[in-house]
Amino acid sequence: MIELEGLTKRYGDKLAVDRLTFSVRPGVITGFLGPNGAGKSTTMRMVLDLDNPTGGTVLIDGRHYRQLHNPLRVVGALLDAKAMHGGRSAYHHLLCLAQSNGIPRSRVREVLDTVGLTPVAGKRTKGFSLGMGQRLGIAAALLGDPQILMFDEPVNGLDPEGIHWIRNLMKSLAAEGRTVFVSSHLMSEMALTADHLVVIGQGRLLADTSMSGFIAENSRGYVRMRSPDQERLKDVLSGAGITAVPGTEGALEVQGEDAAHLGELAARHRIVLHELSPQRASLEEAFMRLTAGAVEYHAHANHQPPPPAAPGPAWGDDWRKKGS
Amino acid sequence: MSTPQLPSQAPGYWPGTAPAAGGFVSPVPMRKATLADAVLAEWTKIRSVRSTMWTLGVMVALIVGVGMLIAVAVQGSSPAETNTASPLALGFIGVLLATICVITLGVLTISSEYGTGLIRTTLTACPSRSRVLTAKAVVFSLLTLVITLVSTLAVAAVHSSVLGSRSTYEPTGGDWLRATVGVSLFMALLGLLSLAVGALVRHSAGAITIMLGVVLLPMILALFMMMDSLRGVRDALLQYSIPAELAVLYGTASGTGAGPTGWEPVWIMAGLAAVGLAGAYAALARRDA
Chain A
1 MIELEGLTKR YGDKLAVDRL TFSVRPGVIT GFLGPNGAGK STTMRMVLDL
51 DNPTGGTVLI DGRHYRQLHN PLRVVGALLD AKAMHGGRSA YHHLLCLAQS
101 NGIPRSRVRE VLDTVGLTPV AGKRTKGFSL GMGQRLGIAA ALLGDPQILM
151 FDEPVNGLDP EGIHWIRNLM KSLAAEGRTV FVSSHLMSEM ALTADHLVVI
201 GQGRLLADTS MSGFIAENSR GYVRMRSPDQ ERLKDVLSGA GITAVPGTEG
251 ALEVQGEDAA HLGELAARHR IVLHELSPQR ASLEEAFMRL TAGAVEYHAH
301 ANHQPPPPAA PGPAWGDDWR KKGS
Chain B
1 MSTPQLPSQA PGYWPGTAPA AGGFVSPVPM RKATLADAVL AEWTKIRSVR
51 STMWTLGVMV ALIVGVGMLI AVAVQGSSPA ETNTASPLAL GFIGVLLATI
101 CVITLGVLTI SSEYGTGLIR TTLTACPSRS RVLTAKAVVF SLLTLVITLV
151 STLAVAAVHS SVLGSRSTYE PTGGDWLRAT VGVSLFMALL GLLSLAVGAL
201 VRHSAGAITI MLGVVLLPMI LALFMMMDSL RGVRDALLQY SIPAELAVLY
251 GTASGTGAGP TGWEPVWIMA GLAAVGLAGA YAALARRDA
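From first to last, the protein sequence lines are chains A and B. Its first residue numbered 1, the first sequence is counted upward by one per residue in full-length UniProt numbering. Its first residue numbered 1, the second sequence is counted upward by one per residue in full-length UniProt numbering.
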């Protein structure tokens with residue numbers, strides 16, 4: 001259990017982390033999502049007591065990180081894949097970490113085996129690829145067999161097989177009842193792994209919700225319609241009080257209507273349809289929309305998940321403009 | 001804050017049913033980590049990197065190798081040339097050259113962690129910054145002390161046995177202690193000062209440059225202070241420069257009477273190292289890693 005209470009970090013004029021309050025619970029994977037520079041890594045560094053907060057507190061199972069006697073036994077963290085001395089072998093890198101926490105030497109071989117680095121255990125880490133460095137960092141995080149795991153962008157630099165492996169690893173760690181806190185700037189990655197979602201933008205909390213809740217709230221569907229007689233279709237739709245907006249490839253997009261209902265409507269007016277397809281906006285789009293409006297959502301100081309933006313006439317255009 | 005939604009997929013654990021410490025209990029045995037564990041970890045760190053071993057090797061080679069070369073050179077010359085000086089003093093040049101190795105190693109012991117980002121891993125494993133710095137200081141200073149002591153003892157033994165007959169000066173027990181234990185302590189303390197500067201500056205090249213300046217600049221500055229009004233400053237710079245203090249321990253200081261004598265250089269260096277380390281402790285505790 002990690003509990004953040006009004007956590008704030010200020011660098012000069014810039015507020016990197018702004019009164020973050022949320023908790024990370026055991027047994028689930030909590031995704032920590034935000035665009036680059038949102039303050040994810042700064043927050044994680046403050047959890048680990050590497051950076052001193054300007055205000056607020058972070059507690060790990062009710063204690064400050066500095067009060068932990070064997071921190072590696074409580075929290076395992078992967079912050080930066082390159083946070084190692086290039087001249088030291090993978091084995092010795094892990095050995096000195098194990099020794100500093102009184103962890104048995106046998107654990108070093110075990111975690112090297114877990115991450116699949118046993119064949120290169122004696123090699124200096126200078127020659128490691130980014131993916132191998134990432135695996136070594138994960139081995140270090142697992143060294144103390146901790147109940148809390150924090151991964152900062154763990155899939156960076158991993159090949160597809162490695163990405164698959166880390167996803168399954170995180171799921172099995174959470175299934176064992178551990179707390180798994182993983183940051184990412186990729187919504188698609190989080191959608192595959194996280195059960196709970198904490199979204200921040202410009203250091204502020206934008207959403208603290210379950211993954212399914214986030215999907216339901218943020219990815220609204222629409223129906224794509226295409227017809228050779230586009231003008232008549234438009235007239236019929238507006239005649240029925242339905243707003244259609246022009247979409248890509250000359251299609252019409254209708255929001256908030258059932259595809260079956262629209263099909264029947266067209267059939268009643270004997271309009272030929274070339275396409276009638278229900279669509280779902282990707283989570284990536286929903287995430288970009290959410291974070292693009294970081295300032296706007298500042299008003300929701302009670303940290304409720306922000307309400308979905310009112311569907312405008314040109315749905316989807318607003319985030320594209322802000323995103324580009 | 002939104003009401004936490006109960007996890008829908010948590011096979012092994014349900015919040016509220018497990019002890020407050022968390023649902024997961026590791027089978028790996030656990031005991032409270034101490035300073036001894038941190039010292040052991042630092043020892044592993046220092047011995048598992050090639051650059052450390054190389055620097056130490058060069059240091060021994062300089063002290064012993066240069067000492068032997070001098071012994072050979074003096075032996076080849078006429079006996080009269082060394083007749084009043086202590087034969088132990090011939091070890092000075094080798095140790096003076098070795099100061100560069102001690103400075104480099106002392107700085108790198110901590111600054112290389114900042115350079116590579118390893119410091120964040122280290123502090124995650126051991127959040128007590130004073131413990132990390134203490135462990136580094138203990139391991140590094142003991143290593144330097146032992147290696148310099150063995151090297152200077154070997155050189156002193158060779159010099160006194162091979163060249164002792166060529167000098168009228170008979171080294172006393174005090175001379176022996178100063179030229180071996182005293183010099184080794186001085187070097188270890190110089191290394192600690194370098195470690196402290198490395199921790200304060202957090203940049204290898206910068207810290208090494210500063211330390212080389214501390215060693216060399218006083219003598220160079222003094223060279224150009226020819227005006228009479230600056231005589232006091234010039235003399236102090238010369239007498240208290242690090243090479244001059246090292247020479248005092250070897251009993252070869254220019255005999256003007258002023259300046260440090262006997263064991264004083266060791267106490268001076270101990271004071272400098274203490275001030276430096278105090279600054280390093282304070283900075284480490286306050287700064288973000």
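Where is the CB? At the ideal position from N, CA and C, for every residue including glycine.
{"query": "Distance between H85 of chain A and V180 of chain A (C-alpha atoms, nearest Å)", "result": "27 Å"}
{"query": "Inter-residue Cα distance where the pair is L197 of chain A and A289 of chain B", "result": "28 Å"}
{"query": "Cβ-based burial, D18 of chain A [other Cβ within 10 Å; buried from 16]", "result": "buried"}
{"query": "8 Å contact criterion, which P53 of chain A and T8 of chain A should meet: CB distance rounded", "result": "6 Å"}
{"query": "Through-space distance from A236 of chain B to L145 of chain B, alpha-carbon basis", "result": "28 Å"}
{"query": "Beta-carbon separation (whole angstroms), L273 of chain A vs R226 of chain A, contact threshold 8 Å", "result": "7 Å"}
{"query": "Contact set for E257 of chain A: own chain, Cβ-Cβ below 8 Å, skip 5 residues either direction", "result": "V223, I242"}
{"query": "Residue nearest to P146 of chain A in terms of C-alpha spacing, selected from A:A191, A:G131, A:M170, A:R232", "result": "A:M170"}
{"query": "Under 8 Å from the C-beta of H269 of chain A: neighbouring residues of chain B", "result": "Simply none; closest approach about 44 Å."}
{"query": "Helix, strand or coil at P71 of chain A according to DSSP, with G and I counted as helix", "result": "helix"}
{"query": "Partner residues on chain B for K82 of chain A, Cβ-Cβ distance less than 8 Å", "result": "T116, G117"}
{"query": "Option nearest V183 of chain B by Cα separation, candidates B:W263, B:K32, B:R286", "result": "B:W263"}
{"query": "Cross-strand partners of P171 of chain B (DSSP beta bridge)", "result": "In the DSSP output, where bridge partners are listed per residue, P171 of chain B has none listed."}
{"query": "Cα-Cα separation, R73 of chain A to G144 of chain A", "result": "4 Å"}
{"query": "Chain B contact residues for N168 of chain A, given Cβ-Cβ distances below 7 Å", "result": "Here the premise fails: no neighbours, minimum Cβ distance about 14 Å."}
{"query": "Collapsed DSSP secondary structure at A83 of chain A in the structure displayed", "result": "coil"}
{"query": "Proximal residues, the segment 41 to 65 of chain B versus chain A, C-beta separation under 7 Å", "result": "A41, T44, K45, S48, V49, R50, S51"}
{"query": "Secondary structure of T54 of chain A, DSSP reduced to three states", "result": "coil"}
{"query": "Boundaries (first-last residue) of the alpha helix (DSSP H) holding L95 of chain A", "result": "90 to 100"}
{"query": "Buried/exposed call for P265 of chain B, threshold 16 Cβ in 10 Å", "result": "buried"}
{"query": "Cβ of P154 of chain A within 8 Å of any chain B Cβ", "result": "no"}
{"query": "Exposure label - T248 of chain A; buried when at least 16 CB within 10 Å", "result": "exposed"}
{"query": "Contact list for T134 of chain B against chain A, beta-carbon separation under 9 Å", "result": "What T134 of chain B touches in chain A: nothing, since even the nearest Cβ is about 13 Å away."}
{"query": "Chain C contacts made by the segment 146 to 157 of chain B, where a contact means CB separation under 9 Å", "result": "Reference to chain C is not applicable here, since the protein chains of this structure are A and B."}
{"query": "Per-residue contacts from R202 of chain B into chain A (C-beta, under 7 Å)", "result": "Per Cβ cutoff of 7 Å: no residues; R202 of chain B is ~14 Å from chain A at best."}
{"query": "Length of the line joining the Cα atoms of Y91 of chain A and A194 of chain A", "result": "31 Å"}
{"query": "Closer than 8 Å to chain B by CB, I103 of chain A", "result": "yes"}
{"query": "Classification of A299 of chain A by the beta-carbon crowding that lies within 10 angstroms, buried from 16 upward", "result": "Reliability of the predicted coordinates at A299 of chain A is poor, the pLDDT of 43 falling under 50, and the value obtained from them is presented with this limitation in mind. A299 of chain A comes out exposed."}
{"query": "Cβ contact (3+ pairs, closer than 8 Å) linking the segment 38 to 53 of chain A and the segment 209 to 221 of chain A", "result": "no"}
{"query": "Within 8 Å, strictly: CB atoms of I208 of chain B and V49 of chain B", "result": "no"}
{"query": "C-alpha distance - L189 of chain B paired with G115 of chain B, whole-angstrom precision", "result": "24 Å"}
{"query": "P246 of chain A burial status per 10 Å Cβ neighbour count (16 or more: buried)", "result": "exposed"}
{"query": "S67 of chain B versus V120 of chain A - alpha carbon distance", "result": "This sequence places Gly at residue 67 of chain B; Ser is not what is there. Cα to Cα, the separation comes out at about 42 Å."}
{"query": "Every unbroken beta strand (DSSP E) inside the segment 126 to 158 of chain A [3 residues or more]", "result": "148 to 152"}
{"query": "From B:A244, B:L284, B:Y281, residue whose alpha carbon lies closest to that of I93 of chain B", "result": "B:A244"}
{"query": "Cβ neighbours of C101 of chain B in the same chain (closer than 6 Å, five flanking residues each side left out)", "result": "T55, V58, M59"}
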